[in-house]
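Just so we're on the same page, my numbering is the position in the sequence shown counted from 1, plus 22.
Think of the CB as a built atom: it goes at the ideal place given N, C-alpha and C, for glycine as much as any other residue.
Quick caveat, the model's predicted, so the values are computed rather than measured.
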Amino acid sequence: MYPELFHIGGFTMNSYGVMMALAFISAGLVAHWQFKKRGIRPDFIYGLLIACIVGGLLGAKIHYLIQHPQAWPRGLLSGEGLVWFGGLFGAIVAVIVVTLLSKQRLPAIMDAGGPAVAMGYAFGRMGCFFRGCCHGEPTDLPWGMWFPHGLPPIPEGVRVHPTQIYSSIASLVIFALLVWVIGPRFKREGPLIFAYAVLAGIERLLVEFIRTNEAVIWGLTEQQLIAIAMIVVGAAGVWWFETHGRLRPVVNAKKRADKTTAPKRGR
Numbered sequence: 023m024y025p026e027l028f029h030i031g032g033f034t035m036n037s038y039g040v041m042m043a044l045a046f047i048s049a050g051l052v053a054h055w056q057f058k059k060r061g062i063r064p065d066f067i068y069g070l071l072i073a074c075i076v077g078g079l080l081g082a083k084i085h086y087l088i089q090h091p092q093a094w095p096r097g098l099l100s101g102e103g104l105v106w107f108g109g110l111f112g113a114i115v116a117v118i119v120v121t122l123l124s125k126q127r128l129p130a131i132m133d134a135g136g137p138a139v140a141m142g143y144a145f146g147r148m149g150c151f152f153r154g155c156c157h158g159e160p161t162d163l164p165w166g167m168w169f170p171h172g173l174p175p176i177p178e179g180v181r182v183h184p185t186q187i188y189s190s191i192a193s194l195v196i197f198a199l200l201v202w203v204i205g206p207r208f209k210r211e212g213p214l215i216f217a218y219a220v221l222a223g224i225e226r227l228l229v230e231f232i233r234t235n236e237a238v239i240w241g242l243t244e245q246q247l248i249a250i251a252m253i254v255v256g257a258a259g260v261w262w263f264e265t266h267g268r269l270r271p272v273v274n275a276k277k278r279a280d281k282t283t284a285p286k287r288g289r
């Protein structure tokens, strides 16, 4: 683990902050690519990305303070204490508000967001790895890792599951499935973000069994309950939008038609 990359005077460059920045940048690049594929103005991503950053950070911090009320008000402005699910929901609310105010096609924006969130999450979890937080339970497996300065610290000689790496790899697999396997099968706008919710919910539900979060009911953690809700809502969303949503427009169809019908020049 490398929580601090380097120091310049009194300034410290933290690996967690760098990976969070890469998470937003990578998500923005993927969204820009998806916007072009779906006939959405690519420059719309800039305002949307700012909204995601603000909404995501606020949501992540609010969720943390709900879980740890004793951190109020000290934890409000600290760089620590960010909860993934809160950040996701905060970013979703911000995207919906900005998209509706801009009168863009919300279902198409949502579809572009699925792969973008998956890519950003992969980088974000690596930030957790370098920082030493969000690790799993002790394990005897050969790839178990020691986080001596983690959150919480791991005693010497104890190896734990690097669940951050598990989640990062799983998110890259989800990204590939959404872009090249699941996405091309959908004929309407809107279901792809809900497909992401199903896959991400399954990933989190499973990885929580080897993490250290405490169970709250029925032997399940709070994160697992949220993951189950994501799976249910995601499955319902996929069904609804794929049966009732707007048909996806054929991007650049006019240009292709013009090329096909244009008279050929004589040789």
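Query                                                                                                              : Result
C-alpha gap between leucine 104 and alanine 82, whole angstroms                                                    : 5 Å
Beta-carbon proximity list for valine 40, same chain, < 8 Å, skipping 5 on both sides                              : Leu27, Gly149
Three-way DSSP call (helix, strand, coil) for cysteine 155 in this model                                           : strand
Nearest-angstrom beta carbon gap, glutamate 211 and aspartate 133 [assumed within contact, 8 Å]                    : 6 Å
Proximity to tyrosine 38 [Cα-Cα], best of Phe145, Phe111, Leu80                                                    : Phe145
Complete runs of the alpha helix (DSSP H) confined to the segment 193 to 273 [at least 4 residues]                 : 213 to 229, 244 to 266
Outcome for leucine 123 when other beta-carbon atoms lying within 10 angstroms are tallied against a minimum of 16 : exposed
Short Cβ contact (7 Å threshold) for glycine 112 with leucine 71                                                   : no
Within 7 Å, strictly: CB atoms of alanine 219 and alanine 138                                                      : no
Glycine 158 and leucine 173 closer than 7 Å at C-beta                                                              : no
Pairwise C-alpha distance: glutamate 244 and glutamate 236                                                         : 8 Å
Separation of valine 272 from leucine 227, as counted between CA atoms                                             : 36 Å
8 Å Cβ shell around glycine 32 - same chain, five flanking residues per side excluded                              : none
Segment limits, beta strand (DSSP E) that includes phenylalanine 33                                                : 33 to 36
Through-space distance from arginine 181 to proline 60, alpha-carbon basis                                         : The sequence given here has arginine at residue 60, not proline. The alpha-carbon atoms of arginine 60 and arginine 181 are separated by roughly 46 Å.
Environment of glutamate 178 [buried if 16+ CB atoms lie within 10 Å]                                              : exposed
DSSP-derived helix/strand/coil call for isoleucine 30                                                              : strand
Length of the line joining the Cα atoms of alanine 140 and proline 175                                             : 28 Å
Which listed residue (Pro184, Tyr188, Leu221) has its alpha carbon closest to that of leucine 199                  : Leu221
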